[in-house]
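Asker: First residue of the sequence shown? That's 1002 in the working numbering, and the numbers climb one at a time after it.
Got a structure here, written out as C-alpha coordinates. Questions coming.
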Amino acid sequence: MKSMSKKSYTGINIQWPISQDILSGKKTIETRTYKFPEKYLGQELLIIETPGKLGKFKSRIVGKIIFSDSFKYESKKAFYEDQERHFVDKNSPWAWTEKAKWGWEIDSVIVFKDAKPLNKRPGIAFTTNIKLLV
(Lines of atoms letter the chains of each structure in order from A and count residues from 1; the text may use other names and numbers.)
(Lines give C-alpha, C1' and ligand atoms only; values in the text may rest on other atoms or scores of the structure.)
Protein backbone atom coordinates (compact mmCIF):
# COMPACT_ATOMS: atom_id res chain seq x y z
CA MET A 1 0.00 0.00 0.00
CA LYS A 2 1.35 3.42 -1.00
CA SER A 3 1.82 5.84 1.88
CA MET A 4 0.38 9.33 1.58
CA SER A 5 2.57 12.36 2.19
CA LYS A 6 1.92 16.08 2.27
CA LYS A 7 3.31 18.30 -0.44
CA SER A 8 3.48 22.08 -0.32
CA TYR A 9 1.86 23.98 -3.21
CA THR A 10 1.16 27.52 -4.27
CA GLY A 11 -2.42 28.18 -5.31
CA ILE A 12 -3.93 30.73 -7.65
CA ASN A 13 -7.24 32.34 -6.74
CA ILE A 14 -9.85 32.22 -9.49
CA GLN A 15 -13.38 33.45 -8.88
CA TRP A 16 -16.40 31.29 -9.47
CA PRO A 17 -17.97 31.01 -12.08
CA ILE A 18 -14.85 31.80 -14.17
CA SER A 19 -13.14 28.87 -12.48
CA GLN A 20 -15.75 26.54 -13.96
CA ASP A 21 -14.94 27.68 -17.52
CA ILE A 22 -11.28 26.83 -16.85
CA LEU A 23 -12.08 23.46 -15.29
CA SER A 24 -14.30 22.54 -18.27
CA GLY A 25 -11.50 23.37 -20.72
CA LYS A 26 -13.52 26.10 -22.48
CA LYS A 27 -11.42 29.01 -21.15
CA THR A 28 -7.80 28.62 -22.25
CA ILE A 29 -6.52 32.11 -21.39
CA GLU A 30 -6.79 33.69 -17.94
CA THR A 31 -6.62 37.48 -18.00
CA ARG A 32 -5.12 39.81 -15.43
CA THR A 33 -3.69 43.33 -15.32
CA TYR A 34 -0.13 42.08 -14.80
CA LYS A 35 2.31 39.62 -16.34
CA PHE A 36 2.25 36.07 -15.01
CA PRO A 37 5.04 35.65 -12.42
CA GLU A 38 7.88 33.84 -14.22
CA LYS A 39 8.75 31.76 -11.15
CA TYR A 40 5.40 29.94 -11.56
CA LEU A 41 5.59 29.28 -15.34
CA GLY A 42 5.46 25.56 -15.97
CA GLN A 43 4.78 24.89 -12.28
CA GLU A 44 1.79 22.96 -11.00
CA LEU A 45 -0.44 25.38 -9.05
CA LEU A 46 -3.59 24.58 -7.12
CA ILE A 47 -6.78 26.22 -8.37
CA ILE A 48 -8.40 27.99 -5.42
CA GLU A 49 -11.99 28.62 -6.38
CA THR A 50 -13.14 31.75 -4.56
CA PRO A 51 -16.84 32.65 -4.27
CA GLY A 52 -16.56 36.25 -5.48
CA LYS A 53 -19.88 38.11 -5.22
CA LEU A 54 -21.99 35.28 -6.66
CA GLY A 55 -20.82 32.08 -4.98
CA LYS A 56 -22.42 30.72 -1.81
CA PHE A 57 -19.46 28.71 -0.49
CA LYS A 58 -16.07 29.13 1.19
CA SER A 59 -12.91 29.22 -0.90
CA ARG A 60 -11.92 25.69 -1.90
CA ILE A 61 -9.31 23.78 -3.89
CA VAL A 62 -10.81 22.33 -7.07
CA GLY A 63 -7.87 21.25 -9.21
CA LYS A 64 -4.37 21.90 -10.50
CA ILE A 65 -3.27 24.15 -13.34
CA ILE A 66 -0.09 24.84 -15.28
CA PHE A 67 0.47 28.09 -17.19
CA SER A 68 2.92 28.03 -20.11
CA ASP A 69 3.29 31.72 -21.00
CA SER A 70 1.87 35.20 -20.63
CA PHE A 71 1.57 38.02 -23.13
CA LYS A 72 0.38 41.62 -23.15
CA TYR A 73 -2.64 42.56 -25.25
CA GLU A 74 -1.51 45.48 -27.36
CA SER A 75 -4.97 47.00 -27.81
CA LYS A 76 -8.62 46.79 -26.84
CA LYS A 77 -9.31 45.43 -30.33
CA ALA A 78 -6.75 42.63 -29.90
CA PHE A 79 -8.19 41.81 -26.47
CA TYR A 80 -11.74 41.36 -27.78
CA GLU A 81 -10.56 39.48 -30.89
CA ASP A 82 -9.29 36.86 -28.42
CA GLN A 83 -12.61 36.65 -26.51
CA GLU A 84 -13.30 33.06 -27.59
CA ARG A 85 -10.22 32.00 -25.57
CA HIS A 86 -10.58 34.23 -22.48
CA PHE A 87 -14.39 34.61 -22.26
CA VAL A 88 -14.29 38.25 -21.05
CA ASP A 89 -16.96 40.34 -22.74
CA LYS A 90 -17.50 44.11 -22.72
CA ASN A 91 -20.04 43.87 -19.87
CA SER A 92 -17.80 41.83 -17.59
CA PRO A 93 -16.27 43.27 -14.40
CA TRP A 94 -12.95 42.23 -16.02
CA ALA A 95 -13.59 44.08 -19.29
CA TRP A 96 -10.89 46.14 -20.99
CA THR A 97 -9.89 49.31 -19.14
CA GLU A 98 -7.01 51.70 -19.54
CA LYS A 99 -4.87 49.33 -17.43
CA ALA A 100 -2.73 46.85 -19.34
CA LYS A 101 -4.33 43.47 -19.96
CA TRP A 102 -2.29 40.30 -19.92
CA GLY A 103 -3.24 36.87 -21.17
CA TRP A 104 -1.97 33.84 -19.26
CA GLU A 105 -1.85 30.73 -21.45
CA ILE A 106 -3.23 27.65 -19.74
CA ASP A 107 -1.15 24.60 -20.58
CA SER A 108 -3.07 21.96 -18.63
CA VAL A 109 -5.72 21.49 -15.96
CA ILE A 110 -6.46 18.58 -13.65
CA VAL A 111 -9.93 18.63 -12.09
CA PHE A 112 -10.31 17.11 -8.62
CA LYS A 113 -13.22 14.72 -8.23
CA ASP A 114 -14.14 16.42 -4.95
CA ALA A 115 -13.29 19.96 -3.86
CA LYS A 116 -10.89 20.16 -0.94
CA PRO A 117 -11.23 22.73 1.84
CA LEU A 118 -8.73 25.57 1.92
CA ASN A 119 -7.55 25.55 5.50
CA LYS A 120 -6.04 29.01 5.41
CA ARG A 121 -7.02 32.49 4.31
CA PRO A 122 -6.45 32.99 0.56
CA GLY A 123 -3.94 35.62 -0.52
CA ILE A 124 -4.75 38.45 -2.91
CA ALA A 125 -3.91 36.53 -6.12
CA PHE A 126 -1.73 33.64 -4.99
CA THR A 127 -1.76 31.62 -1.77
CA THR A 128 1.52 30.03 -0.76
CA ASN A 129 2.47 27.02 1.31
CA ILE A 130 -0.74 25.02 0.98
CA LYS A 131 -0.25 21.49 2.30
CA LEU A 132 -2.04 18.80 0.33
CA LEU A 133 -1.92 15.01 0.59
CA VAL A 134 -0.42 13.39 -2.50
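The beta-carbon is built from N, C-alpha and C at its ideal position, and this holds for glycine as well.
#1: Tell me the DSSP secondary structure of K1054 in three-state form.
#2: Taking only runs that begin and end inside the segment 1049 to 1099, name each unbroken beta strand (DSSP E) of 3 or more residues, in chain order.
#3: Kindly indicate which residue of P1123, F1072, T1029 and I1015 has the alpha-carbon position closest to the one of E1050.
#4: Helix or strand or just coil, what does DSSP make of S1109?
#5: Output the distance between the C-alpha atoms of S1025 and D1115, rounded to the nearest integer angstrom.
#6: For my contact list, T1011 and T1128 are in at a C-beta cut-off of 8 Å; report their separation, rounded to the angstrom.
Answerer: On the basis of the supplied data:
#1: Residue numbering aside, residue 1054 sits at position 53 when the sequence shown is read from its first letter. Note: K1054 maps to coil in three-state DSSP.
#2: Counting only runs of 3 or more, we get 1061 to 1073.
#3: Position 49 of the sequence shown, counted from the first residue, corresponds to residue 1050. Checked all of P1123, F1072, T1029 and I1015; the closest Cα to E1050 is I1015.
#4: Start at 1 with the first residue of the sequence shown, and residue 1109 comes out as number 108. Reduced to three states, the DSSP call for S1109 is strand.
#5: Here residue 1025 is taken as the residue at index 24 of the sequence shown, counted from 1. Here residue 1115 is taken as the residue at index 114 of the sequence shown, counted from 1. When rounded, the distance between both Cα atoms is 15 Å.
#6: The sequence position of residue 1011 within the sequence shown is 10, counting from 1. The sequence position of residue 1128 within the sequence shown is 127, counting from 1. Yes, they are in contact, since the Cβ atoms of T1011 and T1128 sit about 7 Å apart, within 8 Å.
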